[in-house]
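Asker:
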Amino acid sequence: MKEIVLITGASGAIARELSKKIEKEYTVRFLTRKKKAENEFEWNLKNNTIDERAFENISHIIHLAGANISEKRWTEERKKELISSRVNSAKLILNTLKKKNIKLKSFISASGINFYGTKTTDKIFTENDAPGSDFLSEVVVVWEKAADEFKEQNIAERVVKIRTAVVLSKNEGALAKMMTPIQFGIGSPIGSGKQYMPWIHVDDICRMYEFALKNPELEGSYNASAPQHTTNENLTKLIAKVLKKPLLMPNVPSFILKLIFGELADALLEGSRASSEKIEKAGFEFQFPDLQMALEDLLKK
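If you read the sequence shown in UniProt numbering, its first letter stands for residue 1, the second for the next number, and so on.
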């Protein structure tokens with residue numbers, strides 16, 4: 001009998017790619033807002049409802065649900081949604097498992113590299129460092145706290161938190177947004193361009209979840225950030241190089257981003273490096289440790 005893995009955040013690139021990687025060895029189910037397939041089960045956070053059949057005989061949950069951080073301007077309403085889509089979704093799952101008296105082997109949760117705060121600094125952050133003090137680090141702190149409840153309330157034997165960097169994927173996210181202006185000859189770095197951009201190839205982040213699933217000794221938080229560090233300027237130049245496009249425009253000034261994005265601009269204009277040493281010491285090997293190699297794989301397919 002295959003173990004059953006329930007994945008939330010079914011509409012995202014990571015959930016789709018991850019399910020392809022593990023479906024030979026595990027039975028995969030999804031929690032989704034709109035059921036479209038046999039292995040999908042509906043939930044609705046606004047109504048606090050969930051199809052409890054999703055939990056029958058499950059061993060693991062991979063919790064990827066959460067509203068997109070950079071999709072919209074951060075109004076007070078949006079900030080609440082960014083937190084509730086992560087925290088309340090975990091609470092709804094936890095309460096359902098308690099009600100049904102179901103114990104998990106593992107609860108593996110997405111988390112954010114923004115845990116350490118949005119600031120450009122010479123420091124390379126490790127999992128032992130304290131959280132930052134801005135809005136995004138606050139989001140990650142409460143997100144991880146909601147995940148830790150599964151262990152604290154004896155619902156899961158272990159909890160793993162994957163602190164995810166910018167995921168490079170051709171069809172969505174930061175890379176897709178950066179590619180478009182570059183292809184039209186109007187791409188450029190933003191702000192000083194010196195802000196670090198921790199990144200990871202979509203295949204590597206999926207492999208990291210698979211690694212966490214299959215290695216029961218893994219527990220706690222892990223930085224999901226490629227070992228090679230880069231800045232916004234370097235990433236922009238490398239995308240242009242791989243696409244064979246010139247970069248003719250000056251950097252986008254910080255004040256314009258602040259006018260367009262408000263507080264969200266800070267997350268785009270600042271960024272730190274994060275160490276990948278802990279996950280590598282646990283035995284994980286990056287398939288795409290090098291940025292140019294990662295971009296060529298994604299953009300030349």
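Every residue, glycine too, gets a C-beta built ideally from N, C-alpha and C.
All figures in this text were calculated on a predicted structure; none of them were measured in a lab.
Between which residues of its own chain and residue 220 is the CB-CB distance below 8 Å, once the five residues before and five after are set aside?
Answerer: Looking up residue 220 in the sequence shown gives position 220. Only 127, 159, 160 and 161 meet the Cβ criterion.
Asker: Any heavy atom of the ligand ATP closer than 6 Å to the Cβ of residue 18?
Answerer: With respect to the ligand ATP, the structure shown offers nothing to examine, as it has no ligands at all.
Asker: With a threshold of 16 other CB atoms inside 10 Å of the CB of residue 54, please say whether the residue is buried or exposed.
Answerer: Mapped onto the sequence shown, residue 54 falls at position 54. With 16 or more Cβ atoms within 10 Å of its Cβ, residue 54 is classed as buried.
Asker: By Cβ distance, which residues of its chain are closer than 6 Å to residue 115, with the 5 residues on each side in sequence left out?
Answerer: By one-based count along the sequence shown, residue 115 stands at place 115. Same-chain partners within the cutoff: 131, 137, 140 and 163.
Asker: Near residue 7, what residues of its chain come up, given a Cβ to Cβ distance below 6 Å and the 5 sequence neighbours on each side ignored?
Answerer: On the sequence shown, residue 7 is found 7 positions in, with the first residue counted as 1. Answer for residue 7: 15, 30 and 62, listed in chain order.
Asker: So, with DSSP's three-state summary, where would you put residue 161?
Answerer: On the sequence shown, position 161 is the one that residue 161 refers to. Correct three-state label for residue 161: strand.
Asker: Any idea if residue 171 is buried or exposed, counting beta-carbon neighbours within 10 angstroms, 16 or more meaning buried?
Answerer: Along the sequence shown, one-based indexing puts residue 171 at 171. Residue 171 comes out exposed.
Asker: Give the DSSP bridge partners of residue 30, in chain order.
Answerer: Here residue 30 refers to the residue found at position 30 when the sequence shown is read from its first residue. Answer is 7 and 40, bridged to residue 30.
Asker: Bridge partners of residue 108, per DSSP?
Answerer: Translated into positions along the sequence shown, residue 108 becomes position 108. BP columns for residue 108 point to 62 and 160.
Asker: Going by the DSSP bridge assignment, what does residue 226 pair with across the sheet?
Answerer: As a position in the sequence shown, residue 226 is number 226, starting the count at 1. Answer is none; residue 226 lacks a bridge partner.
Asker: Curious, which full-length alpha helix (DSSP H) runs of at least 4 residues does the stretch 191-246 contain?
Answerer: Counting only runs of 4 or more, we get 202-214 and 232-243.
Asker: Should the stretch 284-291 be regarded as contacting the stretch 182-198, the criterion being three or more beta carbon pairs within less than 8 Å?
Answerer: Contact between the stretch 284-291 and the stretch 182-198 is absent, because fewer than three Cβ pairs lie under 8 Å.
Asker: When you compare each of 72, 210 and 297 to residue 318 by their alpha carbons, which one comes out closest?
Answerer: Only positions 1 to 301 of the chain appear in this structure, which leaves residue 318 out of reach.
Asker: So for residue 45, helix, strand or coil by DSSP?
Answerer: To locate residue 45, count along the sequence shown from 1; it is residue 45. Residue state, collapsed to three classes: coil.
Asker: I'd like the list of long-range same chain contacts for residue 154, defined as Cβ closer than 8 Å, with 5 residues on each side in sequence excluded.
Answerer: What you label residue 154 is simply residue 154 of the sequence shown in a count that begins at 1. Excluding residues within five positions, the ones whose Cβ falls inside 8 Å are 103.
Asker: My assumption, with CB atoms under 8 Å, is that residue 166 sits in contact with residue 189. Please give the rounded CB distance.
Answerer: Within the sequence shown, the letter at position 166 stands for residue 166. Within the sequence shown, the letter at position 189 stands for residue 189. Contact doesn't hold; Cβ gap of about 15 Å is too wide.
Asker: Ends of the alpha helix (DSSP H) at residue 139?
Answerer: Stepping through the sequence shown from its first residue, residue 139 is reached at position 139. First-last of the alpha helix (DSSP H) with residue 139: 135-152.
Asker: Could you give the residue range of the beta strand (DSSP E) that holds residue 166?
Answerer: The residue you call residue 166 lines up with position 166 of the sequence shown. Residues 166-168.
Asker: Measuring CB atoms only, is the stretch 76-95 touching the stretch 34-42, in the sense that at least three cross pairs come out at less than 8 Å?
Answerer: Touching, no.
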